[in-house]
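*Asks:*
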Amino acid sequence: MSKEKKERILVLDGLRGLAILLVLLFHGYYIWFDYYPYKKLYSDCILFKYGSLGVQLFFLISGFVILMSVERTTNFWKFLKNRWVRLFPSMLICSLIIYSTAYFFYERPFGIPKLKSLLPGITFINNSILEKIFKTDFPVLELSFWSLFVEVKFYIIFGAFYFLFKRNIALAGIFIIYLSALFLQLLCFSSILQEASWMKIYIGSFIHFGWFVAGALSYVYFYNREKKYLWMMVLATICSLFYVYKFQDFIMLVYLVVLCIIFFLALFWKRFGVIFSTKVFKFVGFISYPLYLLHENMLVSLIIKINKYFPHIPYFLLPVISSLFIMFIAYIVARFLEPFFQKRLKKII
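Numbered according to the numbering used here, the sequence shown spans residues -1 to 347.
Below you can see the structure in the form of structure tokens.
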């Protein structure tokens, strides 16, 4: 791999940084207005209102990275093992941090979690499926875990398809699964079908698979500049955008299109990609996984606490200060705890 291409792949770390910053803005300024001391003061800011779409940017990045990873792996089980070793340590550590500190961060929007709330996270199985299996409720530890459940489904299905049928059929299979979820969503949205519980689970599991395909095709085009892959990448991206149809929100669509453009420009235009090669974006990208796991309820609780004890701090700074504190914890996890446990897991399995 050329030095230039290595540098340009490093922009993915910076793009992860952008993605998690957008999610932090969404959770810190917009969605939990019932709990913020400033209520809906910032609710009209478009940057904050649609920050949750940073998750779609994460999915694009995952599509690129997972195809790269699977092509460098010899078999399906080794691929799954590598992904599990990558994801499980931080999930376990962060879940335990969240659970053990919940009484201190008692202002959490989701309240004090029960012990069984740990199970969805550490198994990477969303709570609705566990509830059907065990016939009991599984309160959510962190709502933001939902995207990890989607990613793990993608890893398993795409990995199996790839090692059975190779790349092109695997990507086609993932895309067909997305289209089926989209078709089902449109039928339910149009009231042609009444959404049953299994439909809700199916749509929630697969409606984001188009982003993985678009990201994977960006990887293919990155290394093989054949025009057919460019058009396939563009087509997959356009089709993925249809998932926002049910929201009937044109600004949301524009916001998402801009994020897609940023992703592709960062990869294919070196001068633009330099923005995401800066130390700030790369650092936030480095800690993005534990930061994503830890942040939501802790962020809101800290905003409330800081305002209570330091009421003269401007409202706008409350999420910033709170985020910096959580970033420090995330750095400890990413820099020290995660590598420590990953190293030992690799020796065991």
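Cβ atoms here follow ideal geometry from the backbone N, Cα and C, with glycine treated the same way.
Between the alpha carbons of residue 244 and residue 180, how many angstroms are there, rounded?
*Replies:* As a working mapping, residue 244 is identified with position 246 in the sequence shown. As a working mapping, residue 180 is identified with position 182 in the sequence shown. The alpha-carbon atoms of residue 244 and residue 180 are separated by roughly 10 Å.
*Asks:* Ordered along the chain, which non-local residues of its own chain (more than five positions away) have a Cβ less than 6 Å from that of residue 66?
*Replies:* Counted from its first residue, the sequence shown places residue 66 at position 68. These residues qualify, in order along the chain: 217.
*Asks:* Taking 8 Å as the threshold (C-beta atoms), are residue 272 and residue 15 in contact?
*Replies:* Residue numbering aside, residue 15 sits at position 17 when the sequence shown is read from its first letter. Residue numbering aside, residue 272 sits at position 274 when the sequence shown is read from its first letter. Not a contact, by the Cβ cut-off of 8 Å.
*Asks:* For residue 109 and residue 212, which I take to be in contact (beta-carbon distance under 8 Å), what is that distance rounded to the nearest angstrom?
*Replies:* Within the sequence shown, residue 109 is the residue found at index 111, counting from 1. Within the sequence shown, residue 212 is the residue found at index 214, counting from 1. Actually they are not in contact, since the Cβ atoms of residue 109 and residue 212 sit about 37 Å apart, beyond 8 Å.
*Asks:* For residue 153, count neighbouring C-beta atoms within 10 Å of its own C-beta (all shown protein chains included) and say buried if the count is 16 or more, exposed if not.
*Replies:* If you number the sequence shown from 1, residue 153 lands on position 155. Classification for residue 153: buried.
*Asks:* Have a look at residue 35 and residue 319 and give me their C-alpha separation to the nearest angstrom.
*Replies:* Counting from 1 along the sequence shown, the entry for residue 35 is found at position 37. Counting from 1 along the sequence shown, the entry for residue 319 is found at position 321. Rounded to whole angstroms, residue 35 to residue 319 spans 15 Å at the Cα level.
*Asks:* Is residue 110 helix, strand or coil when you go by DSSP?
*Replies:* Position 112 of the sequence shown, counted from the first residue, corresponds to residue 110. Reduced to three states, the DSSP call for residue 110 is coil.
*Asks:* Closest to residue 158 by CA distance: which of 172, 340, 145, 263 is it?
*Replies:* Reading the sequence shown from its first residue, position 160 is the one you call residue 158. For the residues 172, 340, 145, 263, the minimum Cα distance to residue 158 belongs to 172.
*Asks:* With a cut-off of 8 Å on the beta carbons, I'd call residue 361 and residue 289 a contact; round off their distance for me.
*Replies:* Residue 361 falls outside the range modelled here, since the chain spans only -1 to 347, and no answer is possible.
*Asks:* CB-CB under 7 Å to residue 284, same chain, minus the five flanking residues each way: which ones, in chain order?
*Replies:* Here residue 284 is taken as the residue at index 286 of the sequence shown, counted from 1. Result list for residue 284: 11, 332, in chain order.
*Asks:* Roughly how many whole angstroms lie between the Cα atoms of residue 302 and residue 163?
*Replies:* For the purposes of this step, residue 302 is taken as the residue at position 304 of the sequence shown. For the purposes of this step, residue 163 is taken as the residue at position 165 of the sequence shown. Using only the alpha carbons, I get a separation of about 52 Å.
*Asks:* With respect to the alpha helix (DSSP H) encompassing residue 229, which residues constitute its N-terminal and C-terminal limits?
*Replies:* By 1-based counting over the sequence shown, the position of residue 229 is 231. It spans 225 to 239 - the alpha helix (DSSP H) in which residue 229 sits, taken as one unbroken run.
*Asks:* Would residue 107 and residue 143 qualify as a contact pair, given that the criterion is a beta-carbon distance under 8 Å?
*Replies:* Along the sequence shown, one-based indexing puts residue 107 at 109. Along the sequence shown, one-based indexing puts residue 143 at 145. Result no, Cβ atoms of residue 107 and residue 143 do not sit closer than 8 Å.
*Asks:* Taking the Cβ atom as the reference point for each residue, do residue 323 and residue 292 lie within a distance shorter than 8 Å?
*Replies:* Working through the sequence shown from its first residue, we reach residue 323 at position 325. Working through the sequence shown from its first residue, we reach residue 292 at position 294. No, these two residues do not count as a Cβ contact at 8 Å.
*Asks:* Flag this pair as yes or no: are the beta carbons of residue 25 and residue 336 separated by less than 8 Å?
*Replies:* As a working mapping, residue 25 is identified with position 27 in the sequence shown. As a working mapping, residue 336 is identified with position 338 in the sequence shown. For residue 25 and residue 336, no; Cβs fall outside 8 Å.
*Asks:* What does the alpha-carbon distance come out to for the pair residue 30 and residue 249?
*Replies:* What you label residue 30 is simply residue 32 of the sequence shown in a count that begins at 1. What you label residue 249 is simply residue 251 of the sequence shown in a count that begins at 1. Computed Cα separation, rounded: 21 Å.
*Asks:* If you draw a straight line from the alpha carbon of residue 175 to that of residue 207, how long is it in whole angstroms?
*Replies:* Working through the sequence shown from its first residue, we reach residue 175 at position 177. Working through the sequence shown from its first residue, we reach residue 207 at position 209. In a straight line, the C-alpha of residue 175 is about 7 Å away from that of residue 207.
*Asks:* Can you tell me whether residue 142 is helix, strand or coil according to DSSP?
*Replies:* Here residue 142 is taken as the residue at index 144 of the sequence shown, counted from 1. In the structure shown, residue 142 sits in a helix (DSSP, three-state: H, G or I).
*Asks:* Where does residue 192 land, buried or exposed, given buried means 16+ other C-beta within 10 angstroms?
*Replies:* What you label residue 192 is simply residue 194 of the sequence shown in a count that begins at 1. It is exposed - the Cβ of residue 192 has fewer than 16 other Cβ atoms within 10 Å.
*Asks:* Can you tell me the Cα-Cα spacing of residue 84 and residue 341, whole angstroms?
*Replies:* Position 86 of the sequence shown, counted from the first residue, corresponds to residue 84. Position 343 of the sequence shown, counted from the first residue, corresponds to residue 341. So the alpha carbons of these two residues sit roughly 10 Å apart.
*Asks:* Just to check my reading of the structure: residue 13 and residue 46 have Cβ atoms closer than 8 Å, yes? What is that Cβ distance to the nearest angstrom?
*Replies:* By 1-based counting over the sequence shown, the position of residue 13 is 15. By 1-based counting over the sequence shown, the position of residue 46 is 48. With a Cβ gap of about 19 Å, residue 13 and residue 46 do not count as contacting.
*Asks:* Enumerated in chain order, which unbroken segments of the alpha helix (DSSP H) with a length of 4 residues or greater are wholly contained in the segment 48 to 73?
*Replies:* Complete alpha helix (DSSP H) runs here, min 4: 52 to 69.
*Asks:* On the DSSP letters alone, give me the boundaries of the alpha helix (DSSP H) that residue 121 sits inside.
*Replies:* On the sequence shown, residue 121 is found 123 positions in, with the first residue counted as 1. First-last of the alpha helix (DSSP H) with residue 121: 116 to 121.
*Asks:* In terms of alpha-carbon separation, which member of 37, 139, 287 lies closest to residue 330?
*Replies:* Numbered from 1 along the sequence shown, position 332 holds the residue referred to as residue 330. The shortest C-alpha separation from residue 330 is found at 287.
*Asks:* Apart from the five residues on each side of it in sequence, which residues of its chain come closer than 6 Å, Cβ to Cβ, to residue 237?
*Replies:* Taking the first residue of the sequence shown as 1, we reach residue 237 at position 239. These residues qualify, in order along the chain: 208.
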